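Residue numbering for the sequence shown follows the working numbering, beginning at 47 and increasing consecutively. Idealized CB from N, CA, C, for every residue including glycine. These numbers come from a predicted model, not from an experiment.
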Amino acid sequence: MKVIALLLSTLCLLDAKVSWKSALKQKLNWYSSAEARELAEKVMLYQRNNGGWPKNQDFSRKIDEADLKELTQQRSDLKDTTIDNGATYTPLEFLTRVWQAQANPGIEASLHRGITFLLTSQYNNGGWPQRPHSSGYGLHITYNDDAMIGVMSFLRDLEKDSITFLRKEEKSSIIKALNLGLDCILKTQIRINGKPTVWCAQHDAKTLLPAQARSYEHPSFSGAESAGIVRYLMEIKKPSAKVLRSISGAITWFREKQINGIRVVKKDGDKTIVEDKNAPPLWPRFSDLQTGKPIFSGRDGIIKSSIKEIEAERRNGYAWYVENPRSILKDYNRDR
């Protein structure tokens, strides 16, 4: 009981200071602080026995004895471990920064378990599922919300970092995983008449074809997730001819599919589209694989041609138009 009380007294200190949302935005010297170490201890409490983390957790919140008991019991729950919404790779990135500033055996052990989870979750074809111990669409190769790209970006940065806890075999495994992941990205790129375009938000783990996720997330061209993939490809230092063709094909698609002269606004709390010739370009979150036109869908799964045709809950609770390809085009044009 004394150990629990001591742990709780330490972990409860953090709540009013740095939040989890800002934990990766601190100045470098902060990661050597006692406060960063306290947050690291809390982050590790949420890690499951298989090395992964659940999503949507506020690691900086205060925890009491009941919370600590519950977290201990949940360690054996593997079904909620995921890479969705930044889970697993974001805690690992934070723990890496703390370890680099103040090396600690406990943090290092947690990092090794987390790396093992990421590496063993990867499919032989190079893709990563959203939730490896799940079923249904959670087993698709998942680009949605930058899940797979988030993992690959973390592993790439980790492998290149000079201040590292990585073992020799881990480094070799990471290099292999990144090569497989890149191969998967190139193989899943949707081709029309032999020409590369962009990607779906998720692809079937066996066929590599665009796949359905939730009822309103249809097999389609994805404007949002494809931007994250292209950003990753553009950051490769010495890209192969295949990678360059992949980037070029996606850039062409972004240029052709950009929508000018409209703006998404809220009127009385309801999203609507208005004409505005001065509005910056937008892209559809999803486009039909056959026609290339924007598609929208409610929870009934029926495809519509505009957001006004779907129910208010989905119309207002989802980003049907995105702007992230804008920065991709800007950087691509600048580097030409």
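- Going by beta carbons, K317 and R360 fall outside the 8 Å limit.
- A direct Cα-to-Cα measurement between R202 and I195 gives close to 10 Å.
- Under the 10 Å beta carbon count, L255 is surrounded by fewer than 16 other beta carbons and is classified as exposed.
- At a Cβ-Cβ threshold of 8 Å, A86 and L138 do not count as neighbours.
- Going by C-alpha positions, G274 is about 8 Å away from Y189.
- Note: F342 is bridge-paired with K350 in the DSSP secondary-structure output.
- Residues P242 of the same chain have their beta carbon placed closer than 7 Å to that of R291, with the five preceding and five following residues left out of the count.
- If the five residues before and after E263 are omitted, its C-beta is found closer than 7 Å to the C-beta atoms of A247, all from its own chain and listed in chain order.
- Look at the region 256–336 and you find these whole runs of alpha helix (DSSP H), each 4 residues long or longer: 269–280, 287–303.
- Residue nearest to K67 within the set Q258, T234, D104 is D104 (criterion: CA-CA distance).
- Closest by C-alpha distance to D126, out of P178, E111, Y278, is P178.
- In the structure shown, the three-state DSSP call for T253 is coil.
- Exclusion of the five residues before and after S199 leaves Y278 as the residues of its chain whose Cβ lies within less than 7 Å of its Cβ.
- I348 is classed as exposed because its beta carbon has fewer than 16 other beta carbons within 10 Å across all chains shown.
- Burial state of T136 is buried, judged by a 10 Å Cβ sphere holding 16 or more other Cβ atoms.
- Across the structure, A147 and K252 are spaced so that their CA atoms are roughly 42 Å apart.
- A check of alpha carbon separations from T134 across S167, E111, K115, A149 identifies S167 as the nearest.
- L124 is positioned such that its CB atom lies closer than 8 Å to that of R94.
- The alpha-carbon separation between Y77 and V197 amounts to approximately 22 Å.
- As computed with DSSP, I220 is found in no beta bridge at all.
- Between the region 171–187 and the region 214–230 there are three or more C-beta pairs closer than 8 Å, enough to call the two in contact.
- Between I341 and S266, the CB-CB gap stays under 8 Å.
- Membership of L85 in the alpha helix (DSSP H) is indicated by the continuous run 80–91.
- Taking C-alpha positions only, K376 is separated from R121 by approximately 45 Å.
- DSSP places V197 inside the alpha helix (DSSP H), whose first and last residues are 193–206.
- For H179, there is no enclosing alpha helix (DSSP H), as DSSP marks it with neither H nor E.
- For D377, the uninterrupted alpha helix (DSSP H) run begins and ends at 371–380, by DSSP.
- Residue pairing by DSSP puts I187 in a beta bridge opposite P175, H249.
- S156 sits away from S106, with the two beta carbons spaced by 8 Å or more.
- Contact annotation: G269 and S333 have beta-carbon atoms nearer than 8 Å.
- Taking C-beta atoms as the reference points, R83 and V144 count as a pair closer than 8 Å.
- Shown here, K67 sits in a helix according to DSSP, grouped into three states.
- When only Cα atoms are considered, N96 and K288 end up about 35 Å apart.
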